[in-house]
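Asks: Please see the structure below; I have some questions.
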């Protein structure tokens, strides 16, 4: 049985058939997360500035010779 035939058949379980895909609250949270990810991709400076000091300390630590 191929995927198209299986997807077009009726759902056998009544409890599963009554489920909705997504409600308004879930859609809102998904939209906010998508907007945050998009904003971080377009303007990452505020997020990278927070890590600047710790990354510099890490680079200093890694650059020191262990010998």
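Numbering (our numbering), first residue to last: 8 to 74.
Glycine included, each C-beta is placed from N, C-alpha and C at the ideal position.
As the structure is a prediction and not an experimental result, all values here were calculated from the model.
How many Å lie between residue 21 and residue 41 at the Cα?
Replies: 33 Å
Asks: Hey, could you find the ends of the alpha helix (DSSP H) residue 61 is sitting in?
Replies: Boundaries of the alpha helix (DSSP H) harbouring residue 61: 52-70, taken from the DSSP string.
Asks: State the DSSP-derived secondary structure class of residue 21, mapped to helix, strand or coil.
Replies: DSSP places residue 21 in the helix class (H, G or I) of the three-state scheme.
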